[in-house]
Amino acid sequence: MVIEENLLYSMGASTKTYAAGDTIFVEGDWPMFYYQIIKGEVKLNNYNEDGKETIQIIIEDGQSIGESLLFMEKFYPMNAVAITECEVIKLPRKAFISLLREDAEISYKMNKCLSQRLYFKLIMTQNLSSQNPMLKLIALMDYLKSFAKDQQQYSFKIPLTRKQMAGLTGLCVETTIRTIKGMERASILKIEDRKIMY
DNA sequence: TCATTAAAGTTAT
DNA sequence: ATAACTTTAATGA
Numbered sequence: 456m457v458i459e460e461n462l463l464y465s466m467g468a469s470t471k472t473y474a475a476g477d478t479i480f481v482e483g484d485w486p487m488f489y490y491q492i493i494k495g496e497v498k499l500n501n502y503n504e505d506g507k508e509t510i511q512i513i514i515e516d517g518q519s520i521g522e523s524l525l526f527m528e529k530f531y532p533m534n535a536v537a538i539t540e541c542e543v544i545k546l547p548r549k550a551f552i553s554l555l556r557e558d559a560e561i562s563y564k565m566n567k568c569l570s571q572r573l574y575f576k577l578i579m580t581q582n583l584s585s586q587n588p589m590l591k592l593i594a595l596m597d598y599l600k601s602f603a604k605d606q607q608q609y610s611f612k613i614p615l616t617r618k619q620m621a622g623l624t625g626l627c628v629e630t631t632i633r634t635i636k637g638m639e640r641a642s643i644l645k646i647e648d649r650k651i652m653y
């Protein structure tokens, strides 16, 4: 968890519930709140001219949503959409800023969280620029697995649908599936009950 | 080679 | 039941 929930409430935060598929904010909105997920999953995405979705990142319990925009005078460059039903705490921007000004510990945690996001972007852009679909998928899976306790081969179950993996790598679903099949043949991963074990 | 289109099978709500 | 996701196959850039 980035910021203690009680602390957020004491600063005037409120809770909002979103159903799966609900929009939290859209591209072009002005950032007014700090959002932190209590429960559920949220994706940050964009749509290109053809309507193809690119997922920037998937965020889960305890993480904040689009926090980097609160430090700038910019509109949101992406949408935030609930993947599952979500409970989200929202704190007005000004209260969030003063909280960071007052509390060095919170400020440090925020830096840590921002660095995490930056790192993810760095790893992903580096590998996504490769046009090889297998390398893209490996980059994604390596990143996801890097947080797992068990680093043994085939011990990590990829918590994404193939469609989501396609959205995160910029590949189409079919290529994602075919590439994954090929990787299974090459023993890079295993498929158990349709789930990818890496 | 990968994206796109289409069609059919499978799972989740 | 219906929508969402997965898979296979054919075709095109």
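Just remember that the working numbering sits 455 ahead of the position in the first sequence, which is counted from 1. By construction, the Cβ of each residue, glycine as well, lies at the ideal position given by its N, Cα and C atoms.
| query | result |
| --- | --- |
| Does DSSP classify E557 as helix, strand or coil? | helix |
| Spatial neighbours of S519 within its chain, please: C-beta separation below 7 Å, excluding the five flanking residues on both sides. | V457, Y489, Y490, Q491, C568 |
| Name the one or two DSSP bridge partners that E647 has. | K650 |
| For V536, I'd like the list of residues in its chain whose CB is within less than 6 Å of its CB, leaving aside the five on either flank, ordered along the chain. | T478, K498 |
| Sorted by chain position, which residues of the same chain lie with C-beta nearer than 7 Å to Y502's C-beta, five sequence neighbours on each side aside? | E508 |
| Count the other C-beta atoms from every protein chain shown that fall within 10 angstroms of the C-beta of E459, then say buried if there are 16 or more, exposed otherwise. | exposed |
| Could you spell out where the beta strand (DSSP E) holding V628 opens and where it closes? | It is not in any beta strand (DSSP E) - V628 instead sits in the alpha helix (DSSP H) that spans 628-640. |
| Report the residue from Q511, T630, M579 whose alpha carbon sits nearest the alpha carbon of M533. | Q511 |
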